[in-house]
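Below you'll find the structure, written out as C-alpha cells, and then a few comments.
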Amino acid sequence: MAMGSPSSRAGKRRGRAPMADINVTPLVDVMLVLLIIFMVTAPMLSAGVPVNLPDANAKPLDQKPVEISISLDGNGVIYLGDAPLEPGTFAQRLAEVPPAPDGKPPQVVLRADRNLDYGRVMAVMGELNRAGFTAISLVTTGSVPSP
Numbered sequence: 072m073a074m075g076s077p078s079s080r081a082g083k084r085r086g087r088a089p090m091a092d093i094n095v096t097p098l099v100d101v102m103l104v105l106l107i108i109f110m111v112t113a114p115m116l117s118a119g120v121p122v123n124l125p126d127a128n129a130k131p132l133d134q135k136p137v138e139i140s141i142s143l144d145g146n147g148v149i150y151l152g153d154a155p156l157e158p159g160t161f162a163q164r165l166a167e168v169p170p171a172p173d174g175k176p177p178q179v180v181l182r183a184d185r186n187l188d189y190g191r192v193m194a195v196m197g198e199l200n201r202a203g204f205t206a207i208s209l210v211t212t213g214s215v216p217s218p
C-alpha cells in the first residue's frame, strides 16, 4: 500500500539539485551596451552649440601671470628681484608691490639657499602670507630620490 502511493515515490526519486551558479553573461552584455551608449553620447554633450565664429585681427591677450622673485642667499639676505633689502624693510617693500591686473596679488617665486635654517625660510613665507601673497612657488634645482 505504501509502495504505490505517489507521495512515497516522490520522496525516493531524486530530482535536480538547485543551481548555485550565477550567470553573469547577461550582466556583462548589458554593461557593454551601456558603455557603448555612454561612449557615443558623451562627445555630443560636451560639444555645445555649433557656432560659425568670425575671424579677427586682434592680438592675443597676455596670459602670463605677474610674478615677483624673492631670493635668500646663504647669509640670509633677502632680495626682491635683484635688489638686496635692508633688514626690517621686507614687510614694507611687500606692501608696495602693486597687485596684478585682475586685482589678485602676484605669484611669488621663492628661491632659498639650501644651507639656510628652515626657520628663516618659514619666517619669510609667513611674512609673505601676512602680506596677502598666497601663491608661492618654491624653486629647486631638480628632483632627488627620497632619503
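Heads up: the sequence shown is residues 72 to 218, going by our numbering. By construction, the Cβ of each residue, glycine as well, lies at the ideal position given by its N, Cα and C atoms.
Quiz prompt | Paired residues, beta bridge with Leu151 - DSSP | solution = Looking up residue 151 in the sequence shown gives position 80. The partner list for Leu151 (beta bridge, DSSP) reads Ile141, Ala154.
Quiz prompt | Backbone CA spacing between Ile149 and Gly174 [nearest angstrom] | solution = Residue numbering aside, residue 149 sits at position 78 when the sequence shown is read from its first letter. Residue numbering aside, residue 174 sits at position 103 when the sequence shown is read from its first letter. If you take the alpha carbons of Ile149 and Gly174, they lie about 26 Å apart.
Quiz item: Between which two residues does the beta strand (DSSP E) carrying Val180 extend?
Solution: To locate residue 180, count along the sequence shown from 1; it is residue 109. Start and end: 178 to 183.
Exercise. Taking 9 Å as the cut-off, decide whether the C-beta atoms of Ala183 and Leu151 are in contact.
Key: Residue mapping note: residue 183 aligns to position 112 of the sequence shown, counting from 1. Residue mapping note: residue 151 aligns to position 80 of the sequence shown, counting from 1. No; because the gap between Cβ atoms is not below 9 Å, this pair is not in contact.
Quiz item: Would DSSP call Ala88 helix, strand or coil?
Solution: In the sequence shown, counting from the first residue as 1, residue 88 sits at position 17. Here Ala88 sits in coil by DSSP.
Quiz item: Three or more C-beta pairs closer than 8 Å, one from the segment 149 to 169 and one from the segment 106 to 114: is that the case here?
Solution: no
Practice problem: Please go through the same chain and pick out, in chain order, the residues whose beta-carbon is closer than 8 Å to the beta-carbon of Leu199, but skip the five residues on each side of it. | Solution: Taking the first residue of the sequence shown as position 1, residue 199 is located at position 128. Ile141, Leu165, Val179, Leu181, Ile207.
Quiz item: CB Asn186 to CB Gly159, shorter than 9 Å?
Solution: The residue labelled residue 186 in the question sits at position 115 within the sequence shown. The residue labelled residue 159 in the question sits at position 88 within the sequence shown. Not in contact: Asn186 and Gly159 (Cβ atoms no closer than 9 Å).
Quiz prompt | Run of the alpha helix (DSSP H) containing Leu165, from where it starts to where it stops | solution = By one-based count along the sequence shown, residue 165 stands at place 94. 161 to 166 is the extent of the alpha helix (DSSP H) around Leu165.
Quiz item: Which class does Leu187 belong to by DSSP, given the choice of helix, strand or coil?
Solution: To locate residue 187, count along the sequence shown from 1; it is residue 116. If DSSP states are grouped into helix, strand and coil, Leu187 belongs with coil.
Exercise. In angstroms with no decimal places, state the Cα-to-Cα distance between Phe161 and Pro177.
Key: For the purposes of this step, residue 161 is taken as residue 90 along the sequence shown, with counting starting at 1. For the purposes of this step, residue 177 is taken as residue 106 along the sequence shown, with counting starting at 1. Each residue's alpha carbon lies about 16 Å from the other.
Quiz prompt | Classification of Phe204 by the beta-carbon crowding that lies within 10 angstroms, buried from 16 upward | solution = Mapped onto the sequence shown, residue 204 falls at position 133. When all chains shown are included, Phe204 counts as buried.
Exercise. Verify the contact flag: Ile149, CB atom, against every heavy atom of the ligand COA, threshold strictly below 8 Å.
Key: Of ligands this structure carries none, so the ligand COA is not represented either.
Quiz item: Which first and last residues belong to the beta strand (DSSP E) in which Ile93 is found?
Solution: As a first step, residue 93 is located in the sequence shown; it is residue number 22 there, counting from the start. Careful: Ile93 lies outside any beta strand (DSSP E) and carries neither H nor E.
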